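Protein chains: 2
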Amino acid sequence: MKSTIPDTGVPITPPAANGGDRQEASLHGEILLRLRDYVVEGNIPEGARVPERQLCEMLGISRTPLREALKVLAAEGLIELLPNRGARVRQLSQRDLEELFDVMAGLESLAGRLACEAITDAEITAIEQLHYEMYGHYLHRDMHGYFQTNQRIHESIVAAARNETLKTAYTNFAGRIRRVRYSANFARKRQRWAEAMREHEAILDALRRRAASELSDILFQHLRNKRTAAIEHLTEPQEDTPASP
Amino acid sequence: MKSTIPDTGVPITPPAANGGDRQEASLHGEILLRLRDYVVEGNIPEGARVPERQLCEMLGISRTPLREALKVLAAEGLIELLPNRGARVRQLSQRDLEELFDVMAGLESLAGRLACEAITDAEITAIEQLHYEMYGHYLHRDMHGYFQTNQRIHESIVAAARNETLKTAYTNFAGRIRRVRYSANFARKRQRWAEAMREHEAILDALRRRAASELSDILFQHLRNKRTAAIEHLTEPQEDTPASP
DNA sequence: GGAGATTATTTTGCATTCATTTTTTGTCCT
DNA sequence: AGGACAAAAAATGAATGCAAAATAATCTCC
Chain A
1 MKSTIPDTGV
11 PITPPAANGG
21 DRQEASLHGE
31 ILLRLRDYVV
41 EGNIPEGARV
51 PERQLCEMLG
61 ISRTPLREAL
71 KVLAAEGLIE
81 LLPNRGARVR
91 QLSQRDLEEL
101 FDVMAGLESL
111 AGRLACEAIT
121 DAEITAIEQL
131 HYEMYGHYLH
141 RDMHGYFQTN
151 QRIHESIVAA
161 ARNETLKTAY
171 TNFAGRIRRV
181 RYSANFARKR
191 QRWAEAMREH
201 EAILDALRRR
211 AASELSDILF
221 QHLRNKRTAA
231 IEHLTEPQED
241 TPASP
Chain B
246 MKSTIPDTGV
256 PITPPAANGG
266 DRQEASLHGE
276 ILLRLRDYVV
286 EGNIPEGARV
296 PERQLCEMLG
306 ISRTPLREAL
316 KVLAAEGLIE
326 LLPNRGARVR
336 QLSQRDLEEL
346 FDVMAGLESL
356 AGRLACEAIT
366 DAEITAIEQL
376 HYEMYGHYLH
386 RDMHGYFQTN
396 QRIHESIVAA
406 ARNETLKTAY
416 TNFAGRIRRV
426 RYSANFARKR
436 QRWAEAMREH
446 EAILDALRRR
456 AASELSDILF
466 QHLRNKRTAA
476 IEHLTEPQED
486 TPASP
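Quick note, the sequences are listed as chains A and B, same order. Note that the working numbering gives residue 87 to position 87 of the first sequence, counting from 1, and the numbers run on in steps of one. Quick note: to get the working numbering, add 245 to the position in the second sequence (first position is 1).
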């Protein structure tokens with residue numbers, strides 16, 4: 001076995017599509033986008049080496065632009081560069097995750113605060129729409145749909161903050177925990193799920209009233225609870241499954 | 246005039262010292278640290294080109310590690326890379342500054358919240374110490390001393406949050422606005438200064454009581470006010486100087 | 001047969017080189 | 001003289017080359 005990256009059969013460069021509509025002038029930029037996705041999507045196992053040579057062949061480029069992209073990814077915290085030992089996909093410790101969740105909580109909390117200053121009635125209506133949609137998913141026990149809509153709500157709040165810098169940072173941090181974010185949910189934890197729904201009600205309520213500090217608090221607490229659920233899920237994945245009799 | 250970087254007489258590489266005690270194994274890492282400082286310190290005027298060739302000579306290296314460092318700095322938001330037209334020191338619009346200040350406010354607000362959970366009595370005592378020191382500077386109208394101590398207080402709060410991820414992000418954003426942060430102060434604005442002192446009293450009070458949400462609010466507002474002062478200062482630098490009669 | 005040392009291979013880091021693109025300089029024409 | 005065009009110079013972006021380090025493979029000796 002010479003390859004450390006499992007061949008998923010999905011090449012980084014899809015022969016047909018170019019990975020979306022976005023276009024990047026420079027090669028290193030293009031590589032950066034693709035490689036970031038590739039890592040965020042979890043195509044390389046945690047802690048595994050990121051072999052330059054192999055990636056160069058996969059991408060059909062030389063090492064120079066690849067290495068530039070790797071440096072940036074390292075700066076973003078997705079991978080880590082060990083001196084003379086190449087790049088590894090960053091392995092997040094439990095503490096790292098806690099920290100990341102808290103920062104996300106802080107950013108969303110901020111987003112909520114700022115959103116109260118600038119959000120339009122139309123935007124609130126749109127979020128209400130998403131909220132009811134999400135409630136539907138909740139009633140139907142549609143985890144996937146729920147999560148999708150839930151994420152759109154949070155993104156809408158961030159968008160309503162009218163702060164590109166914040167949005168960028170938010171997206172950045174979200175990318176780092178994306179892998180666990182999806183796995184670390186309250187899959188079979190009905191109680192937490194119901195709680196989250198109530199929290200979302202409160203979020204919507206505070207948003208309607210443009211109660212900045214209040215919304216800030218609620219959002220922080222909401223994310224904090226998410227964090228707790230996620231960490232618990234990671235440490236004991238078979239939460240609600242009773243032990244063998 | 247062939248050089249776009251004004252020769253300040255201070256080389257990036259001081260012949261004697263190596264710029265501090267820190268040591269970096271890789272060259273690109275070393276370059277990154279030095280170049281980041283070099284840009285943050287304001288050695289290159291805003292919007293000016295960052296000539297690779299010249300910097301390579303200054304640093305005595307080839308373009309490869311330099312370009313890697315430039316990509317990272319671009320990712321950090323300190324410079325921007327124009328396709329085929331090289332790197333420029335990022336010029337911050339007023340909107341950019343507003344956004345940055347708000348994000349900083351959010352991060353400090355978060356730091357305060359988290360600090361309430363983890364801060365020790367000793368740490369609070371230390372901050373109190375700094376507070377009184379700062380008050381002394383205030384009474385003596387010692388702007389420089391005030392700012393220095395003020396910054397140490399804010400850093401102490403961030404440190405008390407026990408979140409390295411947050412701290413890194415905070416440092417990062419602080420670097421971006423460092424240039425204006427120092428110039429954009431309430432130089433001759435006694436009123437704002439007094440207000441800031443009162444806010445700091447409130448911060449300390451909330452911290453003593455470990456009132457998380459409250460502290461979060463106060464810190465956000467405090468930074469918000471700073472932002473307003475800074476923007477005002479930039480748009481009309483001769484604030485308190487009465488217009489010609 | 002296996003643990004440790006030694007050599008070979010691979011990989012990394014940086015310098016150098018090459019092809020384009022941009023910018024500057026020079027010239028010509030109105 | 002001034003502007004437009006063209007050629008030269010310089011700078012950028014990416015590929016290649018080379019030395020050092022790390023990893024893998026082989027060999028030696030017990």
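Where a beta carbon is used, it is the ideal one built from N, C-alpha and C, also for glycine. Just so it is clear, the structure is predicted and the values come from calculations on it, not from any experiment.
Just to confirm my understanding: we take residue i, look at its own chain, exclude 5 residues before and 5 after, and list those with CB closer than 7 Å. What are they?
i: B/Leu384; result: none
i: B/Glu343; result: Arg472 and Ile476
i: B/Gly322; result: Arg335 and Arg421
i: A/His154; result: Glu108
Along the chain, where does the beta strand (DSSP E) containing residue i start, and where does it finish?
i: A/Leu78; result: No beta strand (DSSP E) holds A/Leu78; DSSP gives it neither H nor E.
i: A/Ala87; result: Gly86 to Val89
Within its chain, find whatever has a CB closer than 6 Å to the CB of residue i; leave out the 5 residues flanking it on each side and keep chain order.
i: B/Arg407; result: Ala363
i: B/Arg358; result: Ala457 and Ser461
i: A/Leu204; result: His131
From residue i to residue j, what distance separates their C-alpha atoms?
i: B/Thr480; j: B/Thr473; result: 11 Å
i: A/Ser213; j: B/Phe346; result: 18 Å
i: A/Pro245; j: A/Pro51; result: Its pLDDT being 42, under 50, A/Pro245 is placed unreliably in this model, and the coordinates cannot settle the point.
i: B/Asp266; j: A/Leu81; result: Any reading at B/Asp266 must be qualified, since the residue scores a pLDDT of 47, below 50, and its modelled position is unreliable; no value is offered.
i: B/Asn470; j: A/Glu108; result: 21 Å
i: B/His382; j: B/Thr370; result: 19 Å
i: B/Phe418; j: A/Arg36; result: 22 Å
i: A/Glu201; j: B/Gly390; result: 48 Å
i: A/Met58; j: B/Glu440; result: 59 Å
i: A/Leu73; j: A/Ile31; result: 11 Å
i: A/Arg141; j: A/Tyr135; result: 10 Å
i: A/Asn150; j: A/Ile79; result: 28 Å
i: B/Ile306; j: A/Ala69; result: 20 Å
i: B/Arg423; j: A/Thr120; result: 33 Å
i: A/Arg49; j: A/Phe147; result: 31 Å
Helix, strand or coil, according to DSSP, for residue i in the structure here?
i: B/Ala270; result: coil
i: B/Arg421; result: helix
i: A/Ala211; result: coil
i: A/Arg34; result: helix
i: B/Glu313; result: helix
i: B/Arg386; result: coil
Over the uninterrupted alpha helix (DSSP H) stretch that includes residue i, give me the two end residues.
i: B/Ala350; result: Gln339 to Ala363
i: B/Arg298; result: Glu297 to Leu304
i: A/Ala161; result: A/Ala161 -> no alpha helix (DSSP H), and no H or E assigned at all.
Leaving out the 5 sequence neighbours to the left and right, which residues in its chain are closer than 8 Å to residue i when beta-carbon positions are compared?
i: A/Gln91; result: Glu46 and Gly47
i: A/Arg67; result: Glu52
So, is the C-beta of residue i closer than 7 Å to a C-beta in chain B?
i: A/Asn163; result: yes
i: A/Lys71; result: yes
i: A/Ser244; result: In this prediction, A/Ser244 has a pLDDT of 46, which is less than 50 and means its spatial position is unreliable; what the coordinates show is noted afterwards. No, A/Ser244 lies away from the interface with chain B (no Cβ there is under 7 Å from its Cβ).
i: A/Glu274; result: What the structure shows of chain A is the stretch from 1 to 245, and residue 274 of chain A is not part of that stretch, so it cannot be assessed.
i: A/Lys226; result: no
i: A/Glu99; result: yes
Would you say residue i reaches chain A, if we count a Cβ-Cβ gap shorter than 7 Å as a contact?
i: B/Val403; result: no
i: B/Pro328; result: yes
i: B/Gly331; result: no
i: B/Ala320; result: yes
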